[in-house]
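Under the working numbering, think of the first position of the sequence shown as 32, with each following residue one higher. The beta-carbon is built from N, C-alpha and C at its ideal position, and this holds for glycine as well. Because the structure is a prediction, the values reported are computed rather than measured.
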Amino acid sequence: MKKISLLRIAFVGCTALAALLQLLALPLSHDPGTNYFQRGAILPILAIVFALLGAICGTVAACLTNAKDLNEFPFAKDLSPSPVTLGFLAVALVLVLKETSTLAKATAILMLLSALYEMLMGYPKTQRHTATVSLGLLSVIGMILLNAIYYFDARMEMNSPFKVSVQVGLLFAMLARTSELRYLVGRPQPRTLLILSSWAASIGAISALSLPASYALLRMGKLELPSPNLLLVYAAGGFLILCASISSLLRIRALLKKPVAAPMLEDAADVIPDDDAEPISEKESEAVCDDEVTPTEDSNRKDPT
């Protein structure tokens, strides 16, 4: 148990450190002339190393955790929409305002439907509805199309750190979402969801803070990039990954909550009668149920003399 706790602490610490190192790498190690990090820069390398270490620690902790200690349905029990709702709405807004392609418009619609899915998942009565499952599948398709937009974007270098980090972050967010949908169709795998949520949070940390912060640094004149509007599209994707990473951490927390056992109600039909047992008389059953023992009839009878 102590080993698992240490692994979980290491997972959280490495994830936070990876996000911080990647955030510092932007103003300190980014080369505006090539749109890459400077050759030999140590900060982005350390960010990747700690992100991988965090994901590995989360995976090992998940494998060592007893499956009986995981919550069978780690979703909202009351009205509480997920933080990733804001991420989907932000991406939809940016795509509508800054992109003109048909793919971008279709992706914006799917982002809105994804936000609707998150709202339905925040309400217990609609979590297992068929429409909710369908919207969850559309959410995965929407993230696939968003990833395709970044991949085929010729305005950004193919192996640019902005492009690579947002693509990898979306990939693990999609994998965690597919594992989440298994709960809604009655085929849950808690340990798999715990592992994929750990990877989504750790790997997502590389772009979760750095991409939104890069747009802010650009506006403040602390960062030089060729196209501010283009960076806004990537910053929106980073904000979505940030919200998805927070949701993954909340999902991990919900999974690790021990399920509350329902009160055991003994059903009379399940009790197997013993044929060899003697029947209990009416007086004996009344004596067992009464808190006080009542005097017998012989003790109350008076002497006729």
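Residue state for Asp62 is assigned as strand, using DSSP reduced to three classes.
When secondary structure is reduced to three states using DSSP, Phe81 falls in the helix class. When C-alpha distances from Leu147 are compared across Ile79, Leu168, Leu134, the shortest belongs to Leu168. Proximity of the stretch 66-83 to the stretch 259-272 falls short of the contact definition, fewer than three beta-carbon pairs being nearer than 8 angstroms.
Shown here, Phe119 sits in a helix according to DSSP, grouped into three states. The shortest C-alpha to C-alpha distance from Pro155 to any of Glu130, Tyr182, Ser196, Leu215 is the one to Leu215. Of the candidates Leu57, Ile40, Ala204, the residue whose Cα lies closest to the Cα of Met174 is Ala204. Under the three-state reduction of DSSP output, Tyr67 falls in the strand class.
DSSP, read as helix, strand or coil, puts Arg250 in helix. Cβ neighbours of Ala50 within its own chain (closer than 7 angstroms, five residues either side excluded): Ala236, Ala239, Leu240. Inclusion of Leu225 and Leu144 in the CB contact set at 8 angstroms is not warranted, their separation being larger than that value.
Annotation: Tyr182 to Val197 spans about 10 angstroms, alpha carbon to alpha carbon. Taking the Cα of Val122 as reference, the smallest distance to any Cα among Leu176, Thr209, Ala92, Arg282 is reached at Leu176. Counting other Cβ atoms within 10 Å of its Cβ, Leu128 stays below 16 and is therefore classed as exposed.
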